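Which chain is which? The protein sequence lines are A and B, in order.
Heads up: the first sequence begins at 0 in numbering that gives the first Met the number 0, then just goes up one per residue.
Heads up: the second sequence begins at 0 in numbering that gives the first Met the number 0, then just goes up one per residue.
Backbone N, C-alpha and C define an ideal beta-carbon position, used for all residues, glycine too.
Just so you know, these numbers come straight off a predicted model, no measurement behind them.
Protein chains: 2
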Amino acid sequence: MEKLVSSPSPVSPLGGHLLGEIFAREIHEQPEALRRLLEHEDDYAALARVIDERAPALIRLVGHGSSDNAATYGVYAFGLLPRLTAVRDSISLSVYYDAALDFSSSVVLALSQSGRTPDVVEYVKRARARGAFTVALTNGSGSELEQAADATLPLAAGPEFAVAATKTYLNQLAAIALLAGGIAGRGPELADGLRATADLLSQSLYPLEAAVRPVATSFAYVGRMYAIGRGLEFATAREVALKLTESCRIAAGPLTATDLAHGPVAALDSLFPVWTIASRDESLPAVIEAATRVRDAGATIVASGSAAGEIDASYTLPVPVAPSPLLAPLLSVVPGQLFAATLAQVKGYDADKPVGLNKVTIAR
Amino acid sequence: MEKLVSSPSPVSPLGGHLLGEIFAREIHEQPEALRRLLEHEDDYAALARVIDERAPALIRLVGHGSSDNAATYGVYAFGLLPRLTAVRDSISLSVYYDAALDFSSSVVLALSQSGRTPDVVEYVKRARARGAFTVALTNGSGSELEQAADATLPLAAGPEFAVAATKTYLNQLAAIALLAGGIAGRGPELADGLRATADLLSQSLYPLEAAVRPVATSFAYVGRMYAIGRGLEFATAREVALKLTESCRIAAGPLTATDLAHGPVAALDSLFPVWTIASRDESLPAVIEAATRVRDAGATIVASGSAAGEIDASYTLPVPVAPSPLLAPLLSVVPGQLFAATLAQVKGYDADKPVGLNKVTIAR
Numbered sequence: 000m001e002k003l004v005s006s007p008s009p010v011s012p013l014g015g016h017l018l019g020e021i022f023a024r025e026i027h028e029q030p031e032a033l034r035r036l037l038e039h040e041d042d043y044a045a046l047a048r049v050i051d052e053r054a055p056a057l058i059r060l061v062g063h064g065s066s067d068n069a070a071t072y073g074v075y076a077f078g079l080l081p082r083l084t085a086v087r088d089s090i091s092l093s094v095y096y097d098a099a100l101d102f103s104s105s106v107v108l109a110l111s112q113s114g115r116t117p118d119v120v121e122y123v124k125r126a127r128a129r130g131a132f133t134v135a136l137t138n139g140s141g142s143e144l145e146q147a148a149d150a151t152l153p154l155a156a157g158p159e160f161a162v163a164a165t166k167t168y169l170n171q172l173a174a175i176a177l178l179a180g181g182i183a184g185r186g187p188e189l190a191d192g193l194r195a196t197a198d199l200l201s202q203s204l205y206p207l208e209a210a211v212r213p214v215a216t217s218f219a220y221v222g223r224m225y226a227i228g229r230g231l232e233f234a235t236a237r238e239v240a241l242k243l244t245e246s247c248r249i250a251a252g253p254l255t256a257t258d259l260a261h262g263p264v265a266a267l268d269s270l271f272p273v274w275t276i277a278s279r280d281e282s283l284p285a286v287i288e289a290a291t292r293v294r295d296a297g298a299t300i301v302a303s304g305s306a307a308g309e310i311d312a313s314y315t316l317p318v319p320v321a322p323s324p325l326l327a328p329l330l331s332v333v334p335g336q337l338f339a340a341t342l343a344q345v346k347g348y349d350a351d352k353p354v355g356l357n358k359v360t361i362a363r
Numbered sequence: 000m001e002k003l004v005s006s007p008s009p010v011s012p013l014g015g016h017l018l019g020e021i022f023a024r025e026i027h028e029q030p031e032a033l034r035r036l037l038e039h040e041d042d043y044a045a046l047a048r049v050i051d052e053r054a055p056a057l058i059r060l061v062g063h064g065s066s067d068n069a070a071t072y073g074v075y076a077f078g079l080l081p082r083l084t085a086v087r088d089s090i091s092l093s094v095y096y097d098a099a100l101d102f103s104s105s106v107v108l109a110l111s112q113s114g115r116t117p118d119v120v121e122y123v124k125r126a127r128a129r130g131a132f133t134v135a136l137t138n139g140s141g142s143e144l145e146q147a148a149d150a151t152l153p154l155a156a157g158p159e160f161a162v163a164a165t166k167t168y169l170n171q172l173a174a175i176a177l178l179a180g181g182i183a184g185r186g187p188e189l190a191d192g193l194r195a196t197a198d199l200l201s202q203s204l205y206p207l208e209a210a211v212r213p214v215a216t217s218f219a220y221v222g223r224m225y226a227i228g229r230g231l232e233f234a235t236a237r238e239v240a241l242k243l244t245e246s247c248r249i250a251a252g253p254l255t256a257t258d259l260a261h262g263p264v265a266a267l268d269s270l271f272p273v274w275t276i277a278s279r280d281e282s283l284p285a286v287i288e289a290a291t292r293v294r295d296a297g298a299t300i301v302a303s304g305s306a307a308g309e310i311d312a313s314y315t316l317p318v319p320v321a322p323s324p325l326l327a328p329l330l331s332v333v334p335g336q337l338f339a340a341t342l343a344q345v346k347g348y349d350a351d352k353p354v355g356l357n358k359v360t361i362a363r
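Listed below in structure tokens is the structure:
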């Protein structure tokens with residue numbers, strides 16, 4: 000924590016810690032974190048070759064919280080780039096029930112910021128013992144997870160001090176895209192795309208922050224929300240919902256645009272706003288259709304993403320078009336992060352250290 | 000809908016339709032529905048042999064809403080019985096993005112009450128074209144899903160008229176257990192267990208209904224809840240959350256006991272009750288640990304399941320111990336169904352036909 004104390008930080012007029020200042024600063028550090036990851040491009044390329052040579056039947060992704068949301072992105076990145084089936088695997092099946100599954104043609108990608116999440120470490124040990132090739136993707140150099148796995152990829156996000164993950168989530172998405180791209184023989188193309196994404200992020204963070212403030216202010220008394228997305232952007236819906244929950248104490252549930260229609264739409268009313276992620280890709284028609292259903296139910300819509308303008312919304316927070324649709328989630332998540340940071344301040348909560356949470360979750 | 004009109008049904012003192020009467024009746028029809036499924040035991044055994052001979056590398060489960068919740072159960076049933084890796088597959092990856100995945104060593108189990116869910120039907124067509132062996136599990140005889148798949152298993156739940164699924168969900172769990180048991184060479188054992196489960200259900204439904212009423216009444220003004228479970232009972236947490244959302248307009252989010260600690264616990268307070276499913280199996284310690292965390296956050300706990308008594312809860316709704324831990328979710332879901340039915344009545348909502356929903360969801 001020494002670095003935190005010595006780093007320059009905004010000081011409140013009263014000389015104390017500003018609510019959520021670390022969280023806000025780390026949101027702004029994301030372009031830099033992304034560029035830092037790209038310094039390890041060769042490590043990713045090398046491990047991609049190792050994985051490609053194994054020709055795995057299945058990529059098993061595991062993680063909790065934001066890491067699990069990044070795993071959701073992995074399902075699409077591995078499916079669309081090297082055309083590999085990837086799944087968010089059940090941890091409890093291996094760790095609690097000790098199910099004797101065949102892992103011999105599986106590659107495990109274990110996601111943990113700290114590298115210390117107990118049941119992720121335990122899962123990796125068991126998967127490896129059952130024949131999986133296990134890869135740790137972590138910010139925690141020298142961690143238990145790194146020791147348990149066959150190989151490690153550096154997340155390289157730099158120290159993250161706010162409890163709510165931001166730059167580690169963004170770098171997890173980038174790492175997954177880089178690895179999946181490498182296996183598909185498209186590593187350099189993805190790396191170039193990520194570099195361009197870092198530039199787009201740098202350019203858009205401050206204007207987005209200004210655009211978010213008046214919207215967040217009007218949500219001071221909102222107690223429940225949904226965040227909807229589809230396909231590649233379902234990961235974003237999950238991550239935005241988690242930020243709103245942990246930072247702003249809103250009961251924010253993530254839903255695919257389609258699942259909204261299978262029940263939850265019945266709960267909507269004017270006091271139940273819906274955060275909608277709309278990006279310009281093949282899933283956009285489903286998202287537009289869901290947004291129409293939300294509006295018909297009388298709920299307020301906040302639309303974000305590169306195609307936010309396509310949604311008939313009360314509030315629109317567009318982001319730049321990503322270098323490829325596959326990288327859109329790295330930009331789409333930012334309005335949600337900034338909204339959570341601002342709304343937490345408005346509500347008087349400290350997003351740096353929400354009540355009841357620690358940076359390293361040791362819960363099983 | 001003619002059968003609905005001609006079937007015996009409770010009549011209100013005023014001669015009209017009682018709120019949620021169909022939903023309540025169908026909850027009570029579950030033992031009968033379960034026994035009806037068991038009449039098809041031989042069909043399940045025959046298809047289990049076909050699947051076993053193919054020695055699939057992966058079971059891909061797809062469905063929306065309650066069917067997707069049943070798929071969550073399938074991950075555990077296939078993992079624990081025939082030790083096969085089963086996943087809730089991404090529908091959008093195939094249907095929207097047309098990802099060229101290898102399905103040649105996959106078996107698809109497509110879950111749809113009506114057999115008419117458009118993107119489930121489309122998924123089956125594409126998976127089959129890419130080499131999967133596809134199985135439709137549906138209540139909708141002669142449906143599009145049945146026509147699209149290589150084989151069909153009857154759900155045999157009988158007509159379900161309430162929009163919120165109950166007996167079709169229960170039969171989906173039973174069908175999955177029977178099929179997974181058959182592949183493991185344990186079909187008759189599972190069938191016996193399901194028969195015993197039907198008897199336990201018959202005995203416990205009315206006492207449970209009486210026990211649920213005073214609890215539900217005190218939740219009349221609750222706007223948000225979590226439902227937590229782990230392992231086999233995570234499916235139950237998802238299904239109870241969906242019933243509460245669609246029938247009672249509560250923002251009820253499902254969480255694994257572990258994910259609660261990775262963020263959402265920060266949102267809890269005394270106005271944010273948590274429905275906890277505690278069954279006597281290997282995941283129980285994790286659930287007890289999570290419940291302690293919930294209580295420390297000041298939230299009210301309702302504990303259900305066979306090990307509900309192990310939880311320090313404000314309200315306890317225990318169910319009988321199932322013939323095997325694997326069948327516990329068939330009993331654990333019932334208090335949640337009855338709670339949703341009663342609470343909807345208390346709030347003046349018609350659980351038979353929630354606003355904005357239809358029995359067959361045609362949304363993409």
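message = Quick check on DSSP: helix, strand or coil for SER8 (chain A)?
response = Here SER8 (chain A) scores only 40 on pLDDT, less than 50, and its place in the model should not be relied on; the value that follows carries that caveat. Coil at SER8 (chain A), not helix or strand.
request  = Determine the DSSP secondary structure at ARG212 (chain B), reduced to helix, strand or coil.
outcome  = helix
message = Classify GLU159 (chain B): buried if its beta carbon has 16 or more other beta carbons within 10 angstroms, exposed otherwise.
response = Burial call: buried.
ask   = VAL49 (chain B) lies in the alpha helix (DSSP H); which residues open and close that run?
value = 40-53
Neighbour flag for LEU37 (chain B) against chain A, beta carbons, 9 Å = no
request  = Go ahead and label LEU243 (chain B) buried or exposed: buried means 16 or more other beta carbons lie within 10 angstroms of its beta carbon, across all protein chains shown.
outcome  = In summary, LEU243 (chain B) is buried, with 16 or more beta-carbon neighbours lying within 10 Å of its beta-carbon over all protein chains present.
ask   = Is DSSP giving THR244 (chain A) helix, strand or coil here?
value = helix
Cα-Cα separation between LYS352 (chain B) and ALA164 (chain A), rounded to whole angstroms = 40 Å
query = Where do the N-terminal and C-terminal ends of the alpha helix (DSSP H) with ALA164 (chain A) fall, by residue?
reply = First-last for ALA164 (chain A): undefined, no H or E at that position.
key: Assigned exposure category for ASP88 (chain A) - 16 Cβ within 10 Å defines buried   = buried
request  = Identify every run of the beta strand (DSSP E) within the stretch 57-101 of chain A, keeping only runs that are complete inside it and at least 3 residues long; order them along the chain.
outcome  = 57-61, 85-87
ask   = Could one say the Cβ of GLU31 (chain A) lies closer than 9 Å to chain B's Cβ atoms, at least one of them?
value = Against chain B, the CB of GLU31 (chain A) has no partner CB under 9 Å away; the residue lies outside that interface.
Limits of the beta strand (DSSP E) - the one that PRO153 (chain B) falls within = 150-153
message = So that I know if they touch, is there some Cβ in chain A lying closer than 9 Å to that of ARG364 (chain B)?
response = Residue 364 (chain B) lies beyond the stretch modelled for chain B, which goes from 0 to 363, so this question has no answer here.
request  = Verify the CB distance criterion: does THR257 (chain A) have a CB-CB separation below 9 Å to chain B?
outcome  = yes
query = Could you give the distance in angstroms between the alpha-carbon of ILE58 (chain B) and the alpha-carbon of LEU283 (chain B)?
reply = 27 Å
task = Return the bridge partner residues of LEU254 (chain A) from the DSSP annotation.
result = A:ILE227
query = Which one of B:PHE102, B:GLU28, B:PRO117, B:VAL86 has the shortest CA to CA distance from VAL382 (chain B)?
reply = Shown here, chain B extends from 0 to 363; a query on residue 382 (chain B) therefore has no answer.
inquiry  = For ALA306 (chain A) and ALA173 (chain A), I'd like the C-alpha separation in whole angstroms.
reply    = Using only the alpha carbons, I get a separation of about 21 Å.
key: For GLY139 (chain B) and SER113 (chain B), believed in contact at Cβ under 8 Å, the rounded distance   = Between SER113 (chain B) and GLY139 (chain B) the beta-carbon gap is near 5 Å, inside 8 Å, which marks them as a contact.
query = Less than 8 Å between the CB of TYR96 (chain B) and some heavy atom of the ligand ZN, yes or no?
reply = For the structure depicted, the ligand ZN is absent and the ligand set is empty, with no information on it obtainable.
message = DSSP three-state label for VAL107 (chain A), please.
response = strand
query = Skipping 5 residues on each side, what residues in its chain have a beta carbon closer than 6 Å to that of ASP280 (chain B)?
reply = PRO324
request  = Check TYR205 (chain A) in the structure and name its three-state DSSP category.
outcome  = Per DSSP, reduced to three states, the secondary structure at TYR205 (chain A) is helical.
query = Any Cβ of chain B within less than 9 Å of the Cβ of GLY192 (chain A)?
reply = no
key: Under the three-state DSSP convention, the category TYR348 (chain A) falls into   = Looking at TYR348 (chain A) - three-state DSSP - the assignment turns out to be coil, as it is neither helix nor strand.
query = Does the stretch 312-324 of chain B touch the stretch 198-210 of chain B, meaning 3 or more C-beta pairs lie closer than 8 Å?
reply = yes
key: Own chain, CB closer than 6 Å to THR255 (chain A), minus 5 neighbours either side, in chain order   = ARG229, PHE233
inquiry  = If distances are taken between C-alpha atoms only, which option among B:ALA251, B:ASP311, B:ASP258, B:VAL345 comes closest to ALA277 (chain B)?
reply    = B:ASP311
request  = Kindly list, in the order they appear in chain A, the residues whose Cβ is closer than 7 Å to that of TYR96 (chain B).
outcome  = Correct list: LEU79, GLY230, GLU281.
key: Contacts of VAL86 (chain A) in chain B (Cβ-Cβ under 7 Å)   = Neighbours of VAL86 (chain A) in chain B, taken as residues at a C-beta separation under 7 Å, are given in chain order as VAL86.
request  = Run the CB neighbour count on PRO187 (chain A), radius 10 Å, all protein chains shown included, and call it buried at 16 or more, exposed below.
outcome  = When all chains shown are included, PRO187 (chain A) counts as exposed.
task = Would you list the one or two residues that DSSP bridges to THR275 (chain A)?
result = A:ILE227, A:ALA302
ask   = By Cβ distance below 6 Å, which residues in the same chain neighbour ALA236 (chain B) in space, the five residues on each side in sequence not counted?
value = ALA226, ILE227, GLY228, PRO253, ILE276
ask   = Closer than 7 Å, Cβ to any Cβ of chain B: which residues of the stretch 258-270 of chain A, in chain order?
value = Listed by position, the residues of the stretch 258-270 of chain A near chain B (Cβ gap below 7 Å) are ASP258, ALA260, HIS261, GLY262, PRO263, VAL264, ALA265, ALA266.
query = Does the beta carbon of GLY186 (chain B) come closer than 9 Å to any beta carbon on chain A?
reply = no
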